[in-house]
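**Q** Before I ask anything, let me first share the structure, which is written out below as structure tokens.
Number of protein chains: 2
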Amino acid sequence: MEERDLQNLSEKEFIEQYQQTEKDKYEKPSITTDMVIFTIDTEKVSDKRKKAEKELQLLLIQRGGHPYKGDWALAGGFMGIDEDVDTAVQRELKEETGVDGVYAEQLYTWSAVNRDPRMRIVSVSYLALVDQEKLPPLRAGDDADDVRWFTVKDRVVDSWDEQSGSTIRRTEEIELELTSGEITVSATIERVTVTEGANTKTAVKVTKQDGIAFDHAEIILYSLERLRGKVNYTNIAFNLVGEEFTLPDLQQVYEVILGRNLNKVQFRRHVEDMVLDTGRELRTGAYRPSKLYKYNAAWVHNQLK
Amino acid sequence: MEERDLQNLSEKEFIEQYQQTEKDKYEKPSITTDMVIFTIDTEKVSDKRKKAEKELQLLLIQRGGHPYKGDWALAGGFMGIDEDVDTAVQRELKEETGVDGVYAEQLYTWSAVNRDPRMRIVSVSYLALVDQEKLPPLRAGDDADDVRWFTVKDRVVDSWDEQSGSTIRRTEEIELELTSGEITVSATIERVTVTEGANTKTAVKVTKQDGIAFDHAEIILYSLERLRGKVNYTNIAFNLVGEEFTLPDLQQVYEVILGRNLNKVQFRRHVEDMVLDTGRELRTGAYRPSKLYKYNAAWVHNQLK
DNA sequence: GTAATAGTGTCTGTTAGACAGTATTAG
DNA sequence: CTAATACTGTCTAACAGACACTATTAC
Chain D
1 MEERDLQNLS
11 EKEFIEQYQQ
21 TEKDKYEKPS
31 ITTDMVIFTI
41 DTEKVSDKRK
51 KAEKELQLLL
61 IQRGGHPYKG
71 DWALAGGFMG
81 IDEDVDTAVQ
91 RELKEETGVD
101 GVYAEQLYTW
111 SAVNRDPRMR
121 IVSVSYLALV
131 DQEKLPPLRA
141 GDDADDVRWF
151 TVKDRVVDSW
161 DEQSGSTIRR
171 TEEIELELTS
181 GEITVSATIE
191 RVTVTEGANT
201 KTAVKVTKQD
211 GIAFDHAEII
221 LYSLERLRGK
231 VNYTNIAFNL
241 VGEEFTLPDL
251 QQVYEVILGR
261 NLNKVQFRRH
271 VEDMVLDTGR
281 ELRTGAYRPS
291 KLYKYNAAWV
301 HNQLK
Chain V
1 MEERDLQNLS
11 EKEFIEQYQQ
21 TEKDKYEKPS
31 ITTDMVIFTI
41 DTEKVSDKRK
51 KAEKELQLLL
61 IQRGGHPYKG
71 DWALAGGFMG
81 IDEDVDTAVQ
91 RELKEETGVD
101 GVYAEQLYTW
111 SAVNRDPRMR
121 IVSVSYLALV
131 DQEKLPPLRA
141 GDDADDVRWF
151 TVKDRVVDSW
161 DEQSGSTIRR
171 TEEIELELTS
181 GEITVSATIE
191 RVTVTEGANT
201 KTAVKVTKQD
211 GIAFDHAEII
221 LYSLERLRGK
231 VNYTNIAFNL
241 VGEEFTLPDL
251 QQVYEVILGR
261 NLNKVQFRRH
271 VEDMVLDTGR
281 ELRTGAYRPS
291 KLYKYNAAWV
301 HNQLK
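Taken in sequence, the protein lines are chains D and V. If you use full-length UniProt numbering, the first sequence corresponds to residues 1 to 305, in order. If you use full-length UniProt numbering, the second sequence corresponds to residues 1 to 305, in order.
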């Protein structure tokens with residue numbers, strides 16, 4: 001194999017040479033992080049006869065400048081040249097929410113060529129979960145007009161299959177609706193999954209978006225589904241409750257995430273090994289108090305999934 | 001909220017202005033893809049009395065230039081400014097292996113500040129699976145000295161827990177060994193998982209590496225574990241067999257990936273809904289022939305995980 | 001006592017895991 | 001027939017899902 005001139009140098013010389021002549025040969029994209037931060041909030045109910053329901057909420061920031069001025073976007077920001085993406089996320093999270101060391105898991109890297117009209121931006125998205133109780137009050141940052149928690153609702157509006165030969169094409173139309181007080185933003189997402197042999201390819205398209213900036217509707221939906229998947233076989237939900245919690249409360253967290261009611265017995269069996277009885281109780285009304293539990297740090301899930 | 005001067009422009013004007021003055025204000029990293037391409041190869045056994053065993057293999061490229069000259073690295077390359085990462089991966093895969101449209105799933109984005117001595121490089125890694133039968137013969141590319149398939153072996157050498165208060169610290173020492181004929185490269189990886197309350201943080205460190213370039217040992221281990229996890233609840237393994245296959249063969253693919261033997265009855269029950277009987281048979285020896293199956297495109301897994 | 005919510009005992013149907021059997025082939 | 005591998009019937013233990021029951025509290 002032929003060696004190029006550069007390769008006859010020592011490694012040290014090569015790197016010096018490279019940094020002078022090769023490093024900026026090609027145009028580079030910018031790297032940002034996008035954070036999908038979820039929390040569970042207890043709905044404020046004036047009617048005392050009704051039980052307060054929990055809600056899954058998501059932090060959005062109203063854009064103060066172009067592009068998508070006035071629309072709502074995920075928190076995030078540029079990665080510094082001297083930090084890695086994980087550090088950038090934790091730094092941004094602290095700047096945006098004031099909380100340190102929250103759960104943040106890397107999700108996916110978004111790189112569509114035109115996802116930002118300003119320039120080429122590749123964004124690494126993170127799923128973050130914070131306990132509402134630990135949060136200080138929100139305040140808008142420099143380049144934001146407003147910051148708010150939005151209640152998340154999504155539903156599959158329509159879904160159908162088409163078959164042609166051995167190819168199956170499944171189309172799903174999904175509606176995402178985010179509400180914060182009088183403000184509602186929404187998007188309609190079309191997901192087409194084509195299965196040909198064992199090969200499955202998924203294409204996602206936002207067909208309508210109202211008040212949501214960039215490709216953030218798609219990122220939010222992706223995070224939501226990942227969160228739902230992980231709830232069942234990891235301890236991820238425990239990041240959304242305080243240090244001590246009751247099982248009815250924990251069950252409600254699961255129910256809100258999954259969007260369906262769970263059977264009490266089965267739920268308790270499911271989390272049995274993940275919790276430890278603190279011996280304390282919580283009295284909240286004219287009925288039997290709940291036991292308070294804490295997370296069992298010794299719990300391990302048997303299988304990597 | 002105060003508006004900056006830039007923000008008094010129309011969106012179109014803003015973007016033009018931005019691209020002239022703001023776009024390159026900060027130093028940017030380069031973006032590359034790293035591909036962990038697995039295949040299943042049937043071991044060549046000269047002794048005809050022994051049954052041929054399958055092996056999990058992985059494609060590595062010997063570096064022709066600095067840094068890590070002579071070491072083995074994952075295939076990959078720079079993302080062009082006019083393509084997204086998925087396109088870059090498929091392009092590189094075709095260049096490296098000659099195969100079009102293989103299964104490739106985005107895994108994780110690696111961004112440690114010093115992962116490349118030349119400059120700041122953020123790399124999006126992909127897990128790719130190819131069927132050995134479809135592969136044309138390998139040939140080394142421009143900047144590579146050699147390209148080879150390496151048999152993958154990993155094992156947990158040691159593992160222990162330390163508890164201090166409510167914090168549990170689990171340390172695992174993992175050895176990764178890649179062999180191709182007379183060549184063996186290896187790495188020792190130490191993974192420390194600290195659980196504090198519900199919060200679990202994992203730190204991975206390569207403590208020894210011999211013949212493997214960059215942080216690729218860590219990426220390979222990560223991919224291997226993801227592959228193992230996904231085998232159980234997705235159709236991912238079908239990308240490693242041909243269009244038609246026998247159940248004993250498919251079972252061996254599962255066994256090689258998981259690194260343990262599976263029960264035949266249970267395995268067959270597990271894949272029952274994922275396969276279709278073709279009505280054909282495969283004769284390979286002086287015994288009962290196996291039925292040939294193909295993938296059942298109508299299969300859907302119930303749960304997103 | 002009642003109303004409301006917390007928590008448990010137990011039945012049932014499904015799935016995972018293992019064993020021992022039968023089936024089919026070449027020679 | 002034998003040896004070798006493919007495939008199946010069936011037992012058992014574990015788990016998921018549902019229902020009905022008991023327990024504890026404020027009033």
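Backbone N, C-alpha and C fix where the C-beta goes; we use that ideal spot for every residue, glycine too.
1. Looking at chain D, which residues of the stretch 157 to 177 of chain V have a Cβ within less than 9 Å of any of its Cβ atoms?
2. Pick out whichever of VAL271(V), GLY285(V), LYS208(V), ALA286(V) has its Cα sitting closest to the Cα of TYR295(V).
3. Strictly below 9 Å CB to CB, what residues from chain V border VAL271(D)?
4. Thinking just about the alpha-carbon of each residue, which of GLU27(V), LEU58(V), LYS54(V), GLN20(V) is nearest to the one in MET35(V)?
5. With a cut-off of 8 Å on the beta carbons, I'd call GLN209(V) and ALA237(V) a contact; round off their distance for me.
6. Count Cβ pairs between the stretch 132 to 141 of chain D and the stretch 162 to 177 of chain D that sit closer than 8 Å; are there 3 or more?
7. What whole-angstrom Cβ distance do LYS28(V) and PRO29(D) have, given they're in contact under 8 Å?
8. Taking the straight line between their C-alpha atoms, what separation do you get for residue 307(D) and PHE267(V)?
9. My assumption, with CB atoms under 8 Å, is that ALA213(V) sits in contact with ASP71(V). Please give the rounded CB distance.
10. Determine the extent of the beta strand (DSSP E) in which TYR68(V) is found, giving its start and end residues.
11. Taking all protein chains shown into account, decide if TYR68(V) is buried (16 or more other Cβ within 10 angstroms of its Cβ) or exposed.
12. Note down, in chain order, every chain D residue with its Cβ under 8 Å from the Cβ of ASN235(V).
13. Does the stretch 279 to 287 of chain V come close enough to the stretch 220 to 240 of chain V to have 3 or more Cβ pairs within less than 8 Å?
14. Is the distance from the Cβ of GLU243(D) to the Cβ of LYS54(D) below 9 Å?
15. Is MET79(D) helix, strand or coil when you go by DSSP?
16. Residues of the stretch 217 to 232 of chain V with a CB closer than 9 Å to any CB of chain D: list them in chain order, please.
17. Would THR97(V) and ALA112(V) be called neighbours here (beta carbons separated by less than 9 Å)?
18. Quick one: is SER180(V) near chain D, going by C-beta distance under 9 Å?
19. For ASN199(V), which three-state DSSP category applies?
20. How many whole angstroms separate the CB atoms of THR109(V) and THR42(D), which I take to be in contact at a CB cut-off of 8 Å?
21. Start and end of the alpha helix (DSSP H) containing LEU227(D)?
22. What are the start and end residues of the alpha helix (DSSP H) that includes ARG91(V)?
23. Can you check whether the C-beta of THR97(D) is within less than 9 Å of a C-beta belonging to chain V?
24. In chain order, what residues of the same chain have a beta carbon less than 6 Å from the beta carbon of LEU129(V), not counting five sequence neighbours either side?
25. Closer than 7 Å, Cβ to Cβ, to anything on chain D: give me those residues from the stretch 249 to 263 of chain V, in chain order.
26. By the DSSP assignment, the alpha helix (DSSP H) with GLY267(V) in it spans what residues?
27. For ILE174(V), which option in ASP116(V), THR207(V), ASP131(V) has the closest C-alpha, if you only look at C-alpha atoms?
28. Give the interface partners of ILE61(D) over in chain V, defined as CB-CB distance under 9 Å, in chain order.
29. Would you say LYS134(D) reaches chain V, if we count a Cβ-Cβ gap shorter than 9 Å as a contact?
30. Just list the residues that DSSP pairs TYR103(V) with in beta bridges.
31. In chain order, what residues of the same chain have a beta carbon less than 8 Å from the beta carbon of VAL231(D), not counting five sequence neighbours either side?
32. Classify ASP84(V) as buried or exposed, calling it buried when 16 or more other Cβ atoms lie within 10 Å of its own Cβ.
33. Could you check how far apart the C-beta atoms of LEU176(D) and ILE189(D) are, in whole angstroms? I think they sit under 8 Å.
34. Of the residues that make up the stretch 58 to 82 of chain V, which ones have a beta carbon closer than 9 Å to any beta carbon in chain D?
35. Return the chain-ordered list of same chain residues with a C-beta closer than 6 Å to the C-beta of SER159(V), the five sequence neighbours on each side being excluded.
**A** In short, the structure shows the following:
1. ASP161, GLN163, SER166, THR167, ILE168, ARG170
2. VAL271(V)
3. Correct list: empty, because the minimum Cβ distance to chain V is about 12 Å.
4. LEU58(V)
5. Contact flag wrong, Cβ pair sits at about 29 Å.
6. no
7. 7 Å
8. The requested residue 307(D) does not occur in the structure, where chain D is confined to residues 1 to 305.
9. 4 Å
10. It is not in any beta strand (DSSP E) - TYR68(V) carries neither H nor E in the DSSP assignment.
11. buried
12. ALA198, THR200
13. no
14. no
15. coil
16. GLU225, ARG226, ARG228, GLY229, LYS230, ASN232
17. no
18. no
19. strand
20. With 8 Å as the limit, THR109(V) and THR42(D) do not qualify as a contact, their Cβ atoms being about 35 Å apart.
21. 216 to 231
22. 85 to 97
23. no
24. PHE38, TYR103, ASN239, LEU240
25. none
26. In the sequence as displayed, the identity of residue 267(V) is Phe instead of Gly. It spans 264 to 271 - the alpha helix (DSSP H) in which PHE267(V) sits, taken as one unbroken run.
27. THR207(V)
28. The contacting residues do not exist; ILE61(D) stays about 12 Å from chain V at best.
29. no
30. LEU129(V)
31. ALA237, TYR254, ILE257, LEU258
32. buried
33. 7 Å
34. GLY64, GLY65, HIS66, PRO67, TYR68, LYS69, PHE78, MET79, GLY80, ILE81, ASP82
35. GLU172
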